[in-house]
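Undergrad: Before we start, here is the structure in question, set down as C-alpha cells.
Numbering (the numbering used here), first residue to last: 1 to 76.
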C-alpha cells in the first residue's frame, strides 16, 4: 500500500508540469482533412530578427470557433 501511494504521488506531480505556448492566430488552413492554426509565438522586439511561427493541429470545432487575431494556447 505504501508503494502504491508513493507511485501515485510521483505520477501526480509528473503530470502537473504542463506548460502552454500561447500566440496570436495569424492564419488557418485545412490539409488532408486535418485542421491547423498558424500562431505567432514570438514577435520581433529590440534586436530580434523576426517573428517565430508555429502550426497547431486542432479539431474541427476549435478550427471553426477561432478567428484570425485571437489568442490560442497549446499544451507542450
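Each residue gets a CB set at the ideal place from its N, CA and C atoms; glycine is no exception.
Could I get the ranges of all uninterrupted beta strand (DSSP E) runs contained in the region 21-71, with 3 residues as the minimum, in chain order?
TA: List check, beta strand (DSSP E) in window: 34-42 and 52-58.
Undergrad: Let me know if residue 49 comes out buried or exposed under the rule of 16 or more other beta-carbons within 10 Å of its beta-carbon.
TA: Counting from one through the chain shown, the residue named residue 49 turns up at place 49. Residue 49 comes out exposed.
Undergrad: When you compare only the Cα positions, how much space is there between residue 75 and residue 59?
TA: Your numbering for residue 75 matches position 75 in the chain shown. Your numbering for residue 59 matches position 59 in the chain shown. Distance between the alpha carbons of residue 75 and residue 59: 14 Å.
Undergrad: Among 64, 61, 62 and 43, which residue has its Cα nearest to the Cα of residue 78?
TA: There is no way to answer for residue 78, as the model of the chain reaches only from 1 to 76.
Undergrad: Compute the beta-carbon to beta-carbon distance between residue 52 and residue 41, rounded to the nearest angstrom, for a pair I have assumed lies under 8 Å.
TA: As a first step, residue 52 is located in the chain shown; it is residue number 52 there, counting from the start. As a first step, residue 41 is located in the chain shown; it is residue number 41 there, counting from the start. Indeed, because the Cβ distance is near 5 Å, the residues count as touching under 8 Å.
Undergrad: Cα separation between residue 38 and residue 56?
TA: Along the chain shown, one-based indexing puts residue 38 at 38. Along the chain shown, one-based indexing puts residue 56 at 56. Answer to the nearest angstrom: the Cα atoms are 6 Å apart.
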